[in-house]
Amino acid sequence: MNPASLTARARLAEKVAFFLLFLSTLVIVIPVILITWLILKNGFEGLTLEFLTQSPRLGMRAGGIFPAIMGTLYLVLGTMIFALPVGIFAAVYLSEYSKDNWLKRTIDIAIVNLAGVPSVVYGLFGLGLFVVFLKFGTSILAGSLTLAIMSLPVMITASREALSTVPESFREASLALGATKWQTIRRVVLPNALPGIITGTILALSRSAGETAPILFTAAAFYLPRLPRSFFDQCMALPYHLYVISTQVPNIKPKVQYGTALVLVLMILAMNIVAVVIRAQFRKKKQW
């Protein structure tokens, strides 16, 4: 077989591979575009100042979703408070301190398995532990703790990947200058791994902001006439509110349902954009 024939076959294989990759991309992108267009088309007319700043009334058929927006923000804030320190400290221990033994392998397997557990199971776990056993009741605190446990596998994995990208020579240079291991981690490793840690954290929080099952058992209320006054109060939340008005409120205008969905999508999109911007800004400052 001559070289020209081999070159032609290689080019044909390359074109086929490129077409299959392009087709796979379309299979992913087209449904996202269609869903986004559907939500924008039906929900944009419902985005009024009244809709964003007032409470629901007339059996959820009128008014706005302000309590649900604030409740979602409270849950995300609580999730960050509880999950972020634990996730970072666990990632630092597994990456910098732990030895490759049965305990570390067991923890790694546990993290992988926890990442695959359905969210409804986390909700039942939160109901049994935080609501019933610890007697926190159906509250923002119980919901935040449940979402924090659900977010930990993603945070730990993202933080470990970020820590592993820091060159080993940075650690060696710091130790050679007389710094302790903790000083090296605190002043050299963590600052350089911060972009990846922040990105993973925000992505985990954006996922928790859209979850319905965990807060269904632990935090969400069908309707509240006022905003929560403490972490021991229930709250309305956008995912659960969307479920309620879509399944349990008859004769509601579609623009209310799609408007709620659009606000939730925009909130998650904003969090993801913040993660991308922060990562880009930190990358510009990198000297390596």
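Just so you know, my numbering puts 37 at position 37 of the sequence shown, and the rest follows in order with no gaps. Just so it is clear, CB atoms sit at the ideal spot from N, CA and C, and this is done for glycine as well.
Under three-state DSSP, which class holds residue i?
i, result
"A8", "helix"
"A237", "coil"
"R61", "coil"
"P56", "strand"
"A179", "coil"
"A110", "helix"
"A280", "helix"
"A220", "strand"
"E96", "helix"
"E50", "helix"
"E45", "helix"
"V16", "helix"
"S139", "coil"
"T260", "helix"
"L134", "coil"
"S208", "helix"
"F89", "helix"
"V166", "coil"
"F231", "coil"
"N251", "coil"
"P225", "coil"
"N101", "coil"
Leaving out the 5 sequence neighbours to the left and right, which residues in its chain are closer than 7 Å to residue i when beta-carbon positions are compared?
i, result
"H241", "I65, A68 and T260"
"L127", "F217 and T218"
"L145", "F82, G126 and F130"
"Y289", "The question about residue 289 has no answer, for the chain in this structure spans 1 to 288."
"M70", "L227"
"W182", "none"
"V86", "L152"
Please decide whether residue i counts as near chain C, where near means a Cβ-Cβ distance under 8 Å.
i, result
"T157", "The displayed structure is made up of one protein chain only, and chain C is not part of it."
Sort the options by Cα distance to residue i and report the nearest one.
i, options, result
"A204", "M80, Y74 and Q54", "M80"
"T72", "P85, S208 and E14", "S208"
"I156", "A220, A179 and I109", "I109"
"I197", "L114, L23, E45 and V276", "V276"
"R226", "S55, R283 and F18", "S55"
"E96", "E14, Y223, K284 and E161", "E161"
"Y258", "R9, V16 and G46", "G46"
"G116", "V132, V154 and F19", "V154"
"L49", "L38, A62 and V120", "A62"
"M60", "T36, F22, F222 and D233", "F222"
"L77", "L12, G143, L23 and T106", "G143"
"K253", "A13, F19, L58 and L23", "L58"
"I88", "L21, A193 and M271", "A193"
One question on the structure: do residue i and residue j come within less than 8 Å of each other, judged by their Cβ atoms?
i, j, result
"L141", "F51", "no"
"L40", "L262", "yes"
"Y243", "T218", "no"
"I245", "V256", "yes"
"V166", "V132", "no"
"S164", "G200", "no"
"G210", "L175", "no"
"S139", "Q234", "yes"
"F282", "P195", "yes"
"V92", "I28", "no"
"L124", "I107", "no"
Might you give, ordered along the chain, the residues of its own chain that have their beta carbon closer than 6 Å to the beta carbon of residue i, omitting 5 neighbours on each side?
i, result
"A220", "A237 and Y240"
"K104", "S98"
Taking 8 Å as the limit between beta carbons, can you name the residues of its chain near residue i, skipping five residues before and five after?
i, result
"L75", "I140, G143, S144, L147, S208, A209, I215, A219, C235 and A237"
"V112", "P153"
Q.
Measuring CB atoms only, is the stretch 194-212 touching the stretch 140-150, in the sense that at least three cross pairs come out at less than 8 Å?
A. yes
Q. Does the count of Cβ pairs from the stretch 239-255 and the stretch 30-39 closer than 8 Å reach three?
A. no
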